[in-house]
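Per the numbering used here, the very first residue in the sequence shown carries number 117; after that it's consecutive.
For each residue, glycine too, the CB sits at the ideal point set by N, CA and C.
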Amino acid sequence: LEALCNEPRDKYLRRIDRAKRKEYPRRSAEDWTKAAYAASDIVERLRAEIKDAVPRIHVRDVSSESFIERFEAPGAPALIDGLTTLWDANERWTLDRLLADYGAERFKVGEDDDGYAVYVKMRYFLRYMLETNDDSPLYVFDSSFADRAGTRSMRRDYSLPSYFTDDLFRLVGERRRPPHRWFVLGPRRSGSYIHIDPLGTSAWNALLQGDKCWALFPPDVPKEVVQPKHAGGREAISWFAHVYPQLAASDNPAHRPVTVIQRAGETMFVPGGWWHVVLNLDVTVAVTQNFCSHTNFNAVWLRTRKSRPKMSEKLREQLRLHEPKLYERTKHLADVADAGNASSSSSSSSSSSSSSSDSESASRSPASVRGRARARRDSRSRSRSRRRSPR
């Protein structure tokens, strides 16, 4: 990494500037640093002030059955130690190894106004991480790393944590299921704005390096409470600077965030429907996945049936063949309306990806992507959130 930072700067700066212009074409170079968060003490204040309000457990002390009973079924967040101990990613996803093994590979750092992914080579992004003074820096949140030829070997560096092997969306196949796993790499001050993960899915986020600051809210907290209008914009660090102090001191206990600082080696469980915002307090390396399980099936089914009707039909067909009890449950849920939060799509970044969408997509061609994106272009350009995914 030292040699990387000593290389000529011109090409590296051009690549980073091009990525910034693609993702935020209306943001000037000065806008990236106008709040001067890099020179402030906000990260240190959060380290000192954040209360650890999420239960911590170790996998050796809690069986899978007990985890479902205590956390997944009631929908309670948890921070779990010991799930990643045996992963090869602990050695293979260090910054030096990422540079050596994937330095020439491109990773997704966002999307342009037409919905196309914006990529940066790993070697350029690593240098950017170490040198940036941006208020809310670019953030690798890549949902296709396991599919591309140059990076698919990363999928073998980790395994599904023992609590989260139940994955019903696998029944519809990789082509039809929505994006569900992300490689996450971000500098200090990067993060994901407040959001709910898509389709009612739950998520796990395994942190291999650095610290993440989390603030979470139960599903019944209104959107206008957690996403108030404020001067800072739709960035995680702006939320912690402007919104968090108000909610932490709220007279209504239900509006106070559930907070925790996640350490390297810990895995966060985020129940479906929970609002969450995540800020990287250091350079962080993580992997995150969303899932539909037997436990959260009802909520996920209702949202999927509404938002992705074609996928839901395929899932129902597969449930009839492989999960007949769940297939029968879909019949009982036929007249049940989705009572979940209407804003159940993810703004992504640390917990989920902007490429995840609750809307059914019959075609993934470039023309279809452009057509869907143009309808959202103006509002997205005005109020873009720093992505999953998620996490």
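Under the three-state DSSP convention, the category residue i falls into
| i | result |
| --- | --- |
| residue 351 | coil |
| residue 257 | strand |
| residue 409 | coil |
| residue 376 | strand |
| residue 174 | strand |
| residue 307 | strand |
| residue 452 | coil |
| residue 444 | helix |
| residue 423 | helix |
| residue 148 | helix |
| residue 182 | helix |
| residue 213 | helix |
| residue 390 | coil |
| residue 278 | helix |
| residue 318 | strand |
| residue 136 | helix |
| residue 123 | coil |
| residue 117 | coil |
| residue 414 | helix |
| residue 439 | coil |
| residue 290 | coil |
| residue 158 | helix |
| residue 346 | coil |
| residue 252 | coil |
| residue 206 | helix |
| residue 428 | helix |
| residue 167 | coil |
| residue 369 | helix |
Cβ shell of residue i (< 6 Å), same chain only, five flanking positions each side left out
| i | result |
| --- | --- |
| residue 488 | Here the model assigns residue 488 a pLDDT of 43, short of 50, so the residue's position is not dependable, and the following value carries that caveat. The answer is none, since no qualifying residue turns up. |
| residue 418 | 454 |
| residue 293 | 285 |
| residue 159 | 397 |
| residue 138 | 228, 234 |
| residue 412 | 318, 388 |
| residue 436 | 443 |
| residue 191 | 387 |
| residue 172 | 195 |
| residue 262 | 268, 271 |
| residue 342 | 310, 333, 391 |
| residue 371 | 341, 363 |
| residue 291 | none |
Bridge-paired residues (DSSP) for residue i
| i | result |
| --- | --- |
| residue 323 | 402 |
| residue 510 | Past the boundaries of the shown model lies residue 510; the chain is included only from 117 to 507, so the question cannot be answered. |
| residue 396 | 328 |
| residue 197 | 174, 382 |
| residue 233 | 227 |
| residue 333 | 391 |
| residue 222 | 237 |
Proximity of residue i and residue j at Cβ, strictly below 8 Å
| i | j | result |
| --- | --- | --- |
| residue 324 | residue 380 | yes |
| residue 313 | residue 319 | yes |
| residue 251 | residue 148 | yes |
| residue 181 | residue 387 | no |
| residue 236 | residue 223 | yes |
| residue 449 | residue 287 | no |
| residue 183 | residue 317 | no |
| residue 357 | residue 394 | no |
| residue 404 | residue 321 | yes |
| residue 170 | residue 195 | yes |
| residue 257 | residue 298 | yes |
| residue 402 | residue 337 | no |
| residue 390 | residue 310 | no |
| residue 221 | residue 245 | no |
| residue 143 | residue 240 | no |
| residue 136 | residue 254 | yes |
| residue 329 | residue 202 | no |
| residue 354 | residue 295 | no |
| residue 416 | residue 315 | yes |
Cutoff 8 Å; reference residue i; Cβ partners in own chain excluding five residues on either side
| i | result |
| --- | --- |
| residue 204 | 272, 273, 274 |
| residue 276 | 283, 405 |
| residue 206 | 200, 324 |
Sequence-distant residues of the same chain with beta carbon closer than 7 Å to residue i, five excluded per side
| i | result |
| --- | --- |
| residue 198 | 174, 175, 176 |
| residue 438 | 287 |
| residue 382 | 195, 196, 197, 323 |
| residue 344 | 359 |
| residue 249 | 149, 154 |
| residue 120 | 215, 239, 242, 243 |
- Taking three-plus beta-carbon pairs below 8 Å as touching, is the segment 412-428 in contact with the segment 198-217? no
- Query: When the Cβ atoms of the segment 362-382 are set against those of the segment 301-308, are three or more pairs found closer than 8 Å?
  - Reply: The answer is no - the segment 301-308 does not touch the segment 362-382, with fewer than three Cβ pairs under 8 Å.
- Message: Between the segment 439-448 and the segment 356-364, can you find at least three pairs of beta-carbon atoms closer than 8 Å?
- Response: no
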